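*Asks:*
Residue numbers (our numbering): -3 to 789.
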């Protein structure tokens, strides 16, 4: 098989484009039929294939803008990075979390299909009914409801029923009810498929394509579906849900800020109520309504010292407040700010502490509390907390030292104001604390109002540039691509079929098959004879086959060269290759040339010459070798052909091989050379018996018969062996029974198959069929082109 493949490749490589064209154009009817069938298959496929539609929508993602415009510490703590990462947003849009919102919004758990004779049609939003669900038995696995309508109102579900519209029914999948939705005709059969939200969302996420435009924040969303309205609705609702999701994310930050402010307001309100209650109780207990003014000088000193002390006390109070918030939060909530404490170290520690708290919150959203990263973050928070507490201790000590100094100054002033009641001083202290808390309370109220207004006016940073619209032109299957593919397949299949036939053909078909395997000369080709007579070479016969024998006669002159009375041995590889036919007609064509010719029927095992010439059996070679006949009595003239004789075989002997070794045989050939101009020996097949090798010593040349479609290619190797080793004298090959076969080139010097209708030859009785005429016409065109080409050369 490998040798055949290499041979086929060698033949293709040696053929020109024109040769390949004529090689395959012979099969034009086959190509036409193949292409036609392929187009029919493509038509059926396009007719019944499920159509896929594509819808596309576009939107733009804008970076968030900070509308406050200030450097408020509270904004810094609760605000996130305003710049959006487009790739992150694409992943978010394609996540099952987003597609699940679409499934819930459009109720895509149910898929409605109308069943036809061959395919099913997705009837999203055009179904004449909807399925209402009261209970799902197993929400983790999907199920199918096959609905068969007997009429407009009665139907069966998976074989159960009949049921009517509005009737609640129960099966192994749950409790349901069919409700009429769209008016119109109801088909006989439908299929309703239910899948869980997670399953449908996962399917949508995998089929959704989100692509950004280069260097922009514009995203293109594309979805393919068997229903154009379905694809458009999914894209539009997905963009709408994404807008809502971005608003929800913003509102979550604002709501967190409001919750913190509310907690601080509650704390300050309680403190303010406590100070107010103390003030009221103090006034009632001491009957203080309008204290007397003190001396201007002492009052000024005391007032100045008191303000300084109050300032330091306020700072100390803030330090205690920060420390209290830090300790009461237990390291789990951020510290709002340094509350005006002008200490760079404290501010840096508070910033780092709040940043660590935000990182911890972000980590907790994506990992369990026991995660290593969260533990490491908590250790950082604890360390920062300890550092803040330690720094606050230092600050408090500093403030306390200052307050002590101020208090000492106040004491000095009070010693000078012996007349100033201590009660007046206590009242002033209470009023100072009240004013401090009021300032903080009012500030928190303002920020709460600002946050509430911002929450109410939140808008999305997502803008839809183009809504998806139902596209009624399907993208799959592509009609033009399918038709082109059908044409290509229709052409390739016959080519492969022809190549496979040639690959599996192990018999000789053309001259090239012989020329590739041996250097032996090809003397000529003989076409298939449609006549009834074996002897086709006569005076009045101008058929193609007769002319080919005349060509062989001319070529034979170059083989025998100057031999005056040649002896020609005719043999083949095995029986049935036409040795007797060739021997008879070569003898006939030599006789027509005026040479006295005799044909020796030396295939003494299966003699055929006499029977093919319709001559009765007569004594012959075996009688001569047995001494029962004389050589001059054996030749039998062939009726109707002058100068042509036959030397019969005679009775078939039991030992033909030994008989050919008889010493009388050389005497016979001596007599034949003296009395005849040409001697033709029709011998047994050399590939089966040794008769031809035995008789080769009497021959001047050998005609080795190869029959088209009958002789195996591997037997050409045996011819090449005889040729190279000289076992047979002057071997020449005659290709016999050449027919104009589909897919092969022209044959021989006579151009068999091209002569019909040309006027040079007589047409034989059997004419080619319609396809044969097509092939003959092609071969005639090719032959005429080759002839014109040779003539020009």
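Every residue gets a Cβ at the ideal spot worked out from N, C-alpha and C, and that includes glycine.
Predicted model, so just to flag it, every value in this text is computed and none were measured.
1. Counting only the same chain and skipping the five closest in sequence on each side, list residues whose C-beta sits under 7 Å from that of residue 88.
2. Flag this pair as yes or no: are the beta carbons of residue 734 and residue 523 separated by less than 8 Å?
3. Quick check on the DSSP output: the beta strand (DSSP E) that includes residue 792 runs from which residue to which?
4. Span of the beta strand (DSSP E) holding residue 156?
5. Identify every run of the alpha helix (DSSP H) within the stretch 551 to 589, keeping only runs that are complete inside it and at least 4 residues long; order them along the chain.
6. Residue 596 and residue 684: beta carbons closer than 8 Å?
7. Tell me which residue opens and which closes the alpha helix (DSSP H) that residue 509 is part of.
8. Give me the residue from 550, 82, 193 and 315 with the minimum Cα distance to residue 209.
9. Using a threshold of 8 Å, state whether the C-beta atoms of residue 609 and residue 679 are closer than that.
10. Give the secondary structure of residue 22 by DSSP, where H, G and I count as helix, E and B as strand, and everything else as coil.
11. Report the option in 144, 178 and 47 whose CA atom is closest to the CA atom of residue 115.
12. Can you check which of these residues, 185, 39, 272 and 161, is closest to residue 155 by C-alpha distance?
13. Which first and last residues belong to the beta strand (DSSP E) in which residue 188 is found?
14. Measure from the alpha carbon of residue 108 to the alpha carbon of each residue in 700, 137, 388 and 142, then state which is nearest.
15. Going by CA-CA distance only, name the one from 182, 512, 478 and 614 that's closest to residue 40.
16. If contacts are defined as beta-carbon pairs under 8 Å, then residue 254 and residue 444 qualify, I think. What distance do you get, rounded to the angstrom?
17. Please name the residue, chosen from 553, 153, 421 and 474, that lies closest to residue 699 on a Cα-to-Cα basis.
18. Would DSSP call residue 176 helix, strand or coil?
19. Given this structure, state the Cα-to-Cα distance separating residue 375 from residue 395, to the nearest angstrom.
20. Keeping to the same chain, check which residues put their C-beta closer than 8 Å to that of residue 519; ignore five residues upstream and five downstream.
21. Count the other C-beta atoms from every protein chain shown that fall within 10 angstroms of the C-beta of residue 65, then say buried if there are 16 or more, exposed otherwise.
22. Could you please give the first and the last residue of the uninterrupted beta strand (DSSP E) stretch that includes residue 678?
23. Assign residue 439 to buried or exposed, taking buried as 16 or more other Cβ atoms, counted over all protein chains shown, within 10 Å of its Cβ.
24. Excluding the five sequence neighbours on either side, which residues of its own chain have a C-beta within less than 8 Å of the C-beta of residue 399, listed in chain order?
25. Locate the beta strand (DSSP E) running through residue 82, then write down its first and last residues.
26. How about residue 229 and residue 102: are their beta carbons less than 8 Å apart?
27. If distances are taken between C-alpha atoms only, which option among 139, 241 and 149 comes closest to residue 196?
28. Is it the case that the Cβ atoms of residue 600 and residue 648 are separated by a distance below 8 Å?
29. Roughly how many angstroms lie between the CA atoms of residue 710 and residue 624, to the nearest whole one?
30. If you draw a straight line from the C-alpha of residue 507 to the C-alpha of residue 703, how long is it?
31. Is residue 276 buried or exposed, if buried means 16 or more other CB atoms sit within 10 Å of its CB?
32. Can you look up residue 440 in the DSSP assignment and give me helix, strand or coil?
33. Is the beta carbon of residue 133 less than 8 Å from the beta carbon of residue 482?
34. Which residues bound the beta strand (DSSP E) around residue 141?
35. Measure the C-alpha to C-alpha separation of residue 346 and residue 458 and round it to an integer number of angstroms.
36. Does the count of Cβ pairs from the stretch 383 to 394 and the stretch 355 to 370 closer than 8 Å reach three?
*Replies:* Walking through what the data contain:
1. Taking the chain shown and counting its residues from 1, one reaches residue 88 at position 92. Excluding sequence neighbours, residue 88 sits near 94.
2. Stepping through the chain shown from its first residue, residue 734 is reached at position 738. Stepping through the chain shown from its first residue, residue 523 is reached at position 527. Taking 8 Å as the Cβ cut-off, residue 734 and residue 523 qualify as a contacting pair.
3. A query on residue 792 cannot be resolved here, the shown segment of the chain reaching from -3 to 789 and no further.
4. Residue 156 sits at position 160 when you count from the first residue of the chain shown. Start and end: 156 to 160.
5. Inside the stretch 551 to 589, DSSP marks whole alpha helix (DSSP H) runs of 4 or more residues at positions 575 to 588, from first to last along the chain.
6. Start at 1 with the first residue of the chain shown, and residue 596 comes out as number 600. Start at 1 with the first residue of the chain shown, and residue 684 comes out as number 688. Taking 8 Å as the cut-off, the beta carbon of residue 596 is found no closer than this to the beta carbon of residue 684.
7. By 1-based counting over the chain shown, the position of residue 509 is 513. Per DSSP, residue 509 belongs to the alpha helix (DSSP H) from 507 to 513.
8. Taking the chain shown and counting its residues from 1, one reaches residue 209 at position 213. The candidate whose alpha carbon is nearest that of residue 209 is 82.
9. Mapped onto the chain shown, residue 609 falls at position 613. Mapped onto the chain shown, residue 679 falls at position 683. Taking 8 Å as the Cβ cut-off, residue 609 and residue 679 do not qualify as a contacting pair.
10. For the purposes of this step, residue 22 is taken as the residue at position 26 of the chain shown. DSSP places residue 22 in coil when its eight states are reduced to three.
11. Walking along the chain shown from the start, residue 115 turns up at place 119. Comparing Cα-Cα distances from residue 115 to each of 144, 178 and 47, the minimum goes to 47.
12. Within the chain shown, numbered from 1, the residue matching residue 155 stands at position 159. Nearest C-alpha to residue 155: 185.
13. Position 192 of the chain shown, counted from the start, is the residue given in the question as residue 188. In the DSSP assignment, residue 188 falls within the beta strand (DSSP E) that extends over 185 to 190.
14. Locating residue 108 in the chain shown gives position 112, where the first residue counts as 1. Distances from the alpha-carbon of residue 108 to those of 700, 137, 388 and 142 put 142 closest.
15. By 1-based counting over the chain shown, the position of residue 40 is 44. Scanning 182, 512, 478 and 614 for the CA closest to the CA of residue 40 turns up 478.
16. Here residue 254 is taken as the residue at index 258 of the chain shown, counted from 1. Here residue 444 is taken as the residue at index 448 of the chain shown, counted from 1. That belief holds up - the Cβ atoms of residue 254 and residue 444 are roughly 7 Å apart, short of 8 Å.
17. For this step, residue 699 is matched to residue 703 along the chain shown. Measuring from the Cα of residue 699, the nearest candidate turns out to be 553.
18. As a first step, residue 176 is located in the chain shown; it is residue number 180 there, counting from the start. Three-state result, residue 176: strand.
19. Sequence index remark: in the chain shown, residue 375 carries index 379 (1-based). Sequence index remark: in the chain shown, residue 395 carries index 399 (1-based). Their backbone Cα atoms lie some 30 Å apart in a straight line.
20. For this step, residue 519 is matched to residue 523 along the chain shown. Here the set comprises 548, 551, 552, 555, 699, 728, 729 and 730.
21. On the chain shown, position 69 is the one that residue 65 refers to. Note that residue 65 scores a pLDDT of 42, beneath 50, so its modelled location is shaky; the value from the coordinates is reported in the next line. Counting other Cβ atoms within 10 Å of its Cβ, residue 65 stays below 16 and is therefore classed as exposed.
22. Position 682 of the chain shown, counting from 1, holds the residue named residue 678. Unbroken beta strand (DSSP E) run through residue 678: 674 to 678.
23. By 1-based counting over the chain shown, the position of residue 439 is 443. When all chains shown are included, residue 439 counts as exposed.
24. One-based indexing of the chain shown puts residue 399 at position 403. Correct list, in chain order: 305, 308, 309 and 312.
25. Locating residue 82 in the chain shown gives position 86, counting from the first residue. In the DSSP assignment, residue 82 falls outside any beta strand (DSSP E) and lies within the alpha helix (DSSP H) extending over 82 to 89.
26. For the purposes of this step, residue 229 is identified with residue 233 of the chain shown, where counting begins at 1. For the purposes of this step, residue 102 is identified with residue 106 of the chain shown, where counting begins at 1. Yes, the pair counts as a contact, with Cβ atoms nearer than the cut-off.
27. Indexing the chain shown from 1 puts residue 196 at position 200. The shortest C-alpha separation from residue 196 is found at 139.
28. Looking up residue 600 in the chain shown gives position 604. Looking up residue 648 in the chain shown gives position 652. Contact flag set, yes.
29. As a working mapping, residue 710 is identified with position 714 in the chain shown. As a working mapping, residue 624 is identified with position 628 in the chain shown. The alpha-carbon of residue 710 is positioned some 43 Å away from that of residue 624.
30. The residue given as residue 507 occupies position 511 in the chain shown. The residue given as residue 703 occupies position 707 in the chain shown. Using only the alpha carbons, I get a separation of about 11 Å.
31. In the chain shown, residue 276 corresponds to position 280, counting from 1. With fewer than 16 Cβ atoms within 10 Å of its Cβ, residue 276 is classed as exposed.
32. As a first step, residue 440 is located in the chain shown; it is residue number 444 there, counting from the start. Residue state, collapsed to three classes: helix.
33. Mapped onto the chain shown, residue 133 falls at position 137. Mapped onto the chain shown, residue 482 falls at position 486. Their beta carbons are not under 8 Å apart, which means residue 133 does not touch residue 482 by this criterion.
34. Within the chain shown, residue 141 is the residue found at index 145, counting from 1. Here the beta strand (DSSP E) through residue 141 covers 139 to 145.
35. Here residue 346 refers to the residue found at position 350 when the chain shown is read from its first residue. Here residue 458 refers to the residue found at position 462 when the chain shown is read from its first residue. Approximately 35 Å between the Cα atoms of the pair.
36. Segments in contact, no.
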